[in-house]
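Let me begin by presenting the structure, written as structure tokens, before commenting on it.
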Amino acid sequence: MIFNKTVKSKNARQTLISFIGLDNRSTKAFELFFKISCHDKYAHVEKHEEASITIVDIDAYNIGKQVKEFCQSFSERQLIVLSTHQSEFEFPNSHLVRKPIKHVELSKLLDVIDKKTHKNVGAQISSDVSRNNHGKEKSEINTIKEVKEKAVKRTPAAIENKKYRDTAQAAQLIGVVDEKLFVGSHPDMDLEKPRDVLKIFYSPKNMFQGALQKGWDLAKQNRETVEVKFLEHAVYLDGVNHLAMTELSDSVLRPMCLLESKDTPTFSSIDNKTVKERLQAHGRAVRSCTIESFIWKISLWSSRGRIPDNTDIYKPVFLSEWPNLTRLQQTPHALRIAALIAHEPIALCDVIKELKIPQRYVFGFYSAVNALGIAGVSRRTVDSLFEVQQKRFMGERSVLRKLLGRLTHTVGGESSSHAVAR
Amino acid sequence: MMSSLKIVFSGPVGAGKTTAIGAISDAAPVSTNEQASDMTRQRKSETTVALDYGVMQLDSEEKIHLYGTPGQERFNFMWDILANGGIGLVLLLDNTRKDPLTDMAFFIDSFRDYISQTALAIGVTQTDLKAMPRLDIYNTKLREMKMSAAVFEVDARERNDVSLLVQSLLFTIDPGLEY
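Just so you know, the protein sequences line up as chains A and B, in that order.
Adding 548 to a residue's 1-based position in the first sequence gives its number in the numbering used here.
Adding 79 to a residue's 1-based position in the second sequence gives its number in the numbering used here.
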């Protein structure tokens, strides 16, 4: 007897699916997948008795025995088996789906199984159709071959012959104010040579940037204004209004950013009234800006196209949100780098290869977003159960390129000057 | 008339959709504005009741159509017509409105299918008049909604701001796109 449990939800039939070996996070991911990608056609249920399909993560620890027992109780249940590596199963009626899961293919497979189980209620499903992933379904799931082909496309060997494009044009188009000051001018380092690799790092902890970040953490945590003193210069950070105040001009701040100091910076709580009085007492102009733009600027001046020490360029980094690039100095290719890392965690060395741009642009951008606290090294090797879907665009890429050209080349006949420091 | 090469601008009343289209369109946008006669009047005297239309001519053959949806919810049916194919959605949110985060959730939910097939970029306007909520709060809300998009402060009158927003849309679709 085939189980084909369905419930009526609004006007649509809903097929119920149970899980084995999926943790809470994966369960939620599937629930979201059922809701959004499958338009509520499927729903998760806790009890196997209520389900007509069961999804098993066969890579889960010690799962074999549990699945065997399940198969004995539900011998004709349609199983979708998720795995990164296994391909042969002794379970009847099983359909292999490779991880990372492709939304579209899983959705198709579910539809095929659902259609069959629904059509043949009360009848046995022919084992030659469904058993162990043979038959029509095979073409509809992610195969090892596809994964390998995709991986090959991203290998350094596949792109080694492609030369880096001249990015000076890009830098000019996006209106970077004195690019050298923000991302340096050093050439790419050979990342295979240990001596060269050392040159890509800097130590923000011992610099003004480190003091600033520590002061900002305190101001945010205590929701107060903190005075940060570094090399006898003071900056005031307002943790409530997210403002940075100082009387120091850029011509003082910029060189200060390059100095390392063994002297410990000092941090003290201060009220905004006293801050105003102190700043006005010297009769100099008080400079106030958002804390985000201040940290962004300071980290770019400090890093000059390098990355904080202890950053592993071979580990994927994440970007939890885009920086507010309409109100920050834009480094060359900042939008492209942001889009790529925001899409899915990716190693910095791969960002350089994918976008074919100089290391310093990627490193400078990463240092700045890292200083803002919106980027870091991803702790999970596989950050998502589901494969990240590429955005689809049905038109030709050349159209997008032309549109980009229109957006960056002309402003009423003049060159664009995006994101000039405000 | 409706080419697939289009960008849809959406958002609540007064968020700056018409202005943003005008900022990057080759010609002044064709608008069907009318005197607002209800609560909308509290926010602006004229409002878009059908749609806005602008165009960016790329060359002799190709052009990008820019469509602005009416902000009022009673014209939801127009959104479905506009959100059919295309490059993506530029969502503009007015930070001075009572609850811009709810606005964001509402519009994202309304266009969820369209966004899942294309791309989304969010511009928050009027931040000079009202700083809160800050962008980090919008981003937190987006993450709660399992969405990812560029969120920028924008002045809809500034071509550079609108241009960057549209560029972020393009790079979201294809980060490998080169200048």
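Beta carbons: idealized from backbone N, C-alpha and C, even for Gly.
Worksheet item: When the Cα atoms are used, what is the spatial distance from Q878 (chain A) to T859 (chain A)?
Response: Taking the straight line joining both Cα atoms gives about 22 Å.
Practice prompt. Would you grab the beta carbon distance between A99 (chain B) and V241 (chain B) for me? Rounded to a whole angstrom, and I think it's under 8 Å.
Written response: A99 (chain B) to V241 (chain B), Cβ: 5 Å. Contact.
Discussion item. Between B:D182, B:V233, B:T251 and B:L180, which has its C-alpha nearest D207 (chain B)'s C-alpha?
Written reply: Of the listed residues, the one whose Cα sits closest to D207 (chain B) is B:V233.
Worksheet item: For N174 (chain B), which residues in chain A fall below 9 Å Cβ to Cβ?
Response: Below the 9 Å Cβ cutoff, chain A contributes no neighbours of N174 (chain B), its closest Cβ being approximately 13 Å away.
Discussion item. Can you find the residues in the same chain that come closer than 7 Å, C-beta to C-beta, to V745 (chain A), ignoring five residues on each side of it along the sequence?
Written reply: M737 and L739, listed in sequence order.
Worksheet item: Starting from H144 (chain B) and walking both ways along the beta strand (DSSP E), at which residues does that stretch end?
Response: Here the beta strand (DSSP E) through H144 (chain B) covers K142 to G147.
Worksheet item: Based on Cα-Cα distance, which residue from B:G165, B:E140, B:I216 and B:M183 lies nearest to L171 (chain B)?
Response: Nearest option by C-alpha distance: B:M183.
Item to complete: With DSSP as the reference, label F639 (chain A) as helix, strand or coil.
Response: Coil.
Worksheet entry | For D253 (chain B), three-class secondary structure by DSSP | Three-state result, D253 (chain B): coil.
Item to complete: Answer yes if the region 816-833 of chain A comes into contact with the region 878-896 of chain A, meaning at least three C-beta pairs across the two stretches below 8 Å, and no otherwise.
Response: No contact exists between the region 878-896 of chain A and the region 816-833 of chain A.
Practice prompt. Ignore the nearest five residues each way along the sequence and tell me which others in Q757 (chain A)'s own chain have a CB closer than 6 Å to its CB.
Written response: Counting only residues of its own chain and dropping the five nearest sequence neighbours on each side, Q757 (chain A) has a CB closer than 6 Å to the CB of I846, S847 and S850.
Practice prompt. Could you pull out every unbroken alpha helix (DSSP H) segment of at least 4 residues lying fully inside the region 821-871 of chain A, listed in chain order?
Written response: Within the region 821-871 of chain A, the alpha helix (DSSP H) runs of at least 4 residues that lie entirely inside it are, in chain order, 839-851.
Item to complete: Measure the alpha-carbon distance for E653 (chain A) versus A94 (chain B) and round it to whole angstroms.
Response: Cα atoms of E653 (chain A) and A94 (chain B): separation of roughly 39 Å, rounded to the nearest angstrom.
Discussion item. Nearest by alpha-carbon distance to D662 (chain A): which of A:R646, A:S868, A:K647 and A:I628 is it?
Written reply: The residue with the shortest Cα to Cα distance from D662 (chain A) is A:I628.
Worksheet item: If we cut at 9 Å on Cβ distances, does T204 (chain B) have a partner in chain A?
Response: T204 (chain B) does not count as touching chain A.
Fill in: Span of the beta strand (DSSP E) around V947 (chain A)
From DSSP, V947 (chain A) is part of no beta strand (DSSP E) but of the alpha helix (DSSP H) over R945 to H957.
Worksheet entry | Neighbouring residues, chain B, relative to R945 (chain A) (Cβ below 8 Å) | Within 8 Å Cβ-Cβ: D253 and L256.
Item to complete: Since I believe F582 (chain A) is in contact with H596 (chain A) (beta carbons under 8 Å), could you give me their beta-carbon distance rounded to a whole number of angstroms?
Response: Between F582 (chain A) and H596 (chain A) the Cβ distance is about 17 Å, and since that is not below 8 Å, they are no contact.
Practice prompt. Within the same chain, show all residues whose beta-carbon is closer than 7 Å to that of T838 (chain A), passing over the 5 residues directly before and after it, in chain order.
Written response: If the five residues before and after T838 (chain A) are omitted, its C-beta is found closer than 7 Å to the C-beta atoms of H790 and L791, all from its own chain and listed in chain order.
Fill in: Helix, strand or coil at R561 (chain A) [DSSP, three-state]
The answer is strand: DSSP assigns R561 (chain A) an E or B state.
Worksheet item: How many whole angstroms separate the CB atoms of D173 (chain B) and Q205 (chain B), which I take to be in contact at a CB cut-off of 8 Å?
Response: For D173 (chain B) against Q205 (chain B), the beta-carbon gap comes to about 5 Å, under 8 Å, which counts as contact.
Fill in: 8 Å contact criterion, which I201 (chain B) and A228 (chain B) should meet: CB distance rounded
Rounded, the Cβ-Cβ distance is 5 Å, consistent with contact.
Practice prompt. Would you mind giving the Cβ-Cβ distance between I86 (chain B) and I166 (chain B), rounded to the nearest angstrom? I have them listed as a contact below 8 Å.
Written response: Contact check for I86 (chain B) and I166 (chain B): beta-carbon distance about 5 Å, within the 8 Å limit, so the pair qualifies.
Practice prompt. Give the interface partners of L888 (chain A) over in chain B, defined as CB-CB distance under 7 Å, in chain order.
Written response: Listed by position along chain B, the residues whose Cβ is nearer than 7 Å to that of L888 (chain A) are P254.
Discussion item. Quick check: is the beta carbon of E727 (chain A) nearer than 9 Å to any beta carbon in chain B?
Written reply: So no, E727 (chain A) is outside the interface.
Item to complete: Could you run through the region 231-243 of chain B and flag, in chain order, every residue whose CB is less than 7 Å away from some CB of chain A?
Response: Listed by position, the residues of the region 231-243 of chain B near chain A (Cβ gap below 7 Å) are F231, E232, V233, R238, N239, D240, S242 and L243.
Fill in: Classification of A833 (chain A) by the beta-carbon crowding that lies within 10 angstroms, buried from 16 upward
Exposed: under 16 other Cβ atoms inside 10 Å.
Item to complete: Figure out for me which residue from B:N218, B:A102 and B:R191 has the closest Cα to the Cα of P179 (chain B).
Response: Checking every option, the nearest Cα to that of P179 (chain B) belongs to B:N218.
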